[in-house]
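Undergrad: First the structure, then my questions, so here it is.
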Amino acid sequence: MSEGLRLAITGGTGDFGRSMLTWAVENDDIKEVTVLGRRPVKVAHPKVREAFLDLSNHVDLDAVAGYDALIHLAYCVEEPRDKRRAYQVNVVATRTLLAEANRVGIGHLILTSSANALGVAACGTGKRLPENSYPAGDQNPDHYYFYHKALLEHLANWYWTHSGEGGTKLAVARPCYIVGEHFDNSGLQAFLAKTVVYPEPARSFYQFLWDTDLVDAYATILTEGLTGIYNIAPTDQTTVKEIASMNGARLIGGPVRLLKPGADLAFRLHLSPFSGHWVTRGDPLLDSRLLRTTTAWKPSASSAEALQRYLIRT
């Protein structure tokens, strides 16, 4: 990276994308960063460029042809009414982006998966799963985000098996639940509510990671030229019961079989921003030993500490 790296980022206006862009701007080894998206990033800096990219429409990467790397952070996470839109952005556009990266000669592509790729059956088990665990979210079409992230990982596995020499190097980051100083989404709002309704809260687990730790993980994958899937998570987990206690919230538990249709009804009536697609016993848990033992990356905080840091700031 001594001559200066040219980096492209999608999703640069999102919560985490802004954190990643800040890192790129402040990193002297990066000479140029192009943000691909529909909205302006409002960052005035000599090394920052912008180019239009709409993942719900025609996708081409001519604006960043020959770039050293592309970090893909633009996905449909907040639940849309029309799940076909989410599929287009999360699955179809990702497949096109991978093909385009090869066509225009991008050196290194980092896609973003999620713990959710491991499937609903892995939720609530308390078991931390390694990178080679099967992305069983492909069995959960009624949980669109789990399903889409599993399909992304299947795409990556196909690429690693069939791509030839000289093509774009591919890595997949598989993070847990990310929190940060300016983060705001429907999931975090649900945790911050005065009353939290959740299935089996003592057996519903999350792993929280501070956003700068995830930035460091992406930076490690990028600067070391890594390929393959990497879990990115702390070494502990937090139950929903503990979350409610930390936030001083009233906690109401119930079975998934009742809460899921209840969430579906509330979503249809526009009383909730999410449906039963998000009603699970937390997230699958990740074992991040591979990244921690093969690189210098380490999380700066435990899951509980990261969440507490977020709660203090809100």
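Just so we're on the same page, the numbering used here is the position in the sequence shown counted from 1, plus 398.
Note that the Cβ used here is the ideal one computed from N, Cα and C, for glycine as well.
With Ala647 and Thr593 assumed to form a contact (beta carbons below 8 Å), what rounded beta-carbon distance in angstroms separates them?
TA: Ala647 to Thr593, Cβ: 6 Å. Contact.
Undergrad: Which same chain residues end up closer than 8 Å to Pro653 when comparing Cβ atoms and leaving out the 5 residues on each side of it in sequence?
TA: Cβ within range, chain order: Pro597, Glu598.
Undergrad: What is the DSSP secondary structure of Ile508, reduced to helix, strand or coil?
TA: Here Ile508 sits in strand by DSSP.
Undergrad: Indicate whether the contact test is met: 3 or more Cβ pairs, each with one atom in the segment 625-635 and one in the segment 684-701, closer than 8 Å.
TA: Yes: the two stretches touch, three or more of their Cβ pairs being nearer than 8 Å.
Undergrad: Sorted by chain position, which residues of the same chain lie with C-beta nearer than 6 Å to Gln486's C-beta, five sequence neighbours on each side aside?
TA: Excluding residues within five positions, the ones whose Cβ falls inside 6 Å are Ser454.
Undergrad: Cutting at 7 Å between CB atoms, please list the residues of its own chain near Pro659, excluding the five before and the five after it.
TA: So the list reads Gly674, once near-sequence residues are dropped.
Undergrad: Just to confirm the assignment: which complete beta strand (DSSP E) runs, minimum length 3, are found wholly within the segment 427-468?
TA: You should have 428-435, 446-450.
Undergrad: Assuming Asp662 contacts Tyr604 under a Cβ cut-off of 8 Å, what Cβ separation, rounded to an integer in Å, is found between them?
TA: Actually they do not touch by this definition, with Cβ atoms about 22 Å apart.
Undergrad: Gly585 by DSSP, collapsed to three states: which one?
TA: The answer is helix: DSSP assigns Gly585 an H, G or I state.
Undergrad: Can you check which of these residues, Phe589, Gly565, Gly435, Tyr473, is closest to Phe503 by C-alpha distance?
TA: Sequence inspection shows Gly at residue 503; the Phe mentioned does not correspond to that position. Nearest of Phe589, Gly565, Gly435, Tyr473 to Gly503, Cα basis: Gly565.
Undergrad: Figure out for me which residue from Asp536, Asn425, Gly409, Asp609 has the closest Cα to the Cα of Ile469.
TA: Selected option, being the one with the closest Cα: Gly409.
Undergrad: Just reading off the alpha helix (DSSP H) that Asp632 is part of, what are its end residues?
TA: A small correction: the amino acid at residue 632 is Pro; Asp does not occupy that position in the sequence shown. It is not in any alpha helix (DSSP H) - Pro632 carries neither H nor E in the DSSP assignment.
Undergrad: Would Ala467 pass as a contact of Leu405 if the rule is Cβ separation under 9 Å?
TA: Yes, they are a contact pair.
Undergrad: Just list the residues that DSSP pairs Gly406 with in beta bridges.
TA: This sequence places Ala at residue 406; Gly is not what is there. Answer is Thr432, Leu468, bridged to Ala406.
Undergrad: Cutting at 8 Å between CB atoms, please list the residues of its own chain near Ile710, excluding the five before and the five after it.
TA: No residues qualify anywhere along the chain.
Undergrad: Decide if Pro676 is buried, meaning its Cβ has at least 16 other Cβ atoms within 10 Å, or exposed.
TA: The question names Pro, yet the displayed sequence has Trp at residue 676. Under this definition Trp676 is a buried residue.
Undergrad: Give me whichever residues DSSP pairs with Tyr543 in a beta bridge.
TA: Bridge partners of Tyr543: none, in fact.
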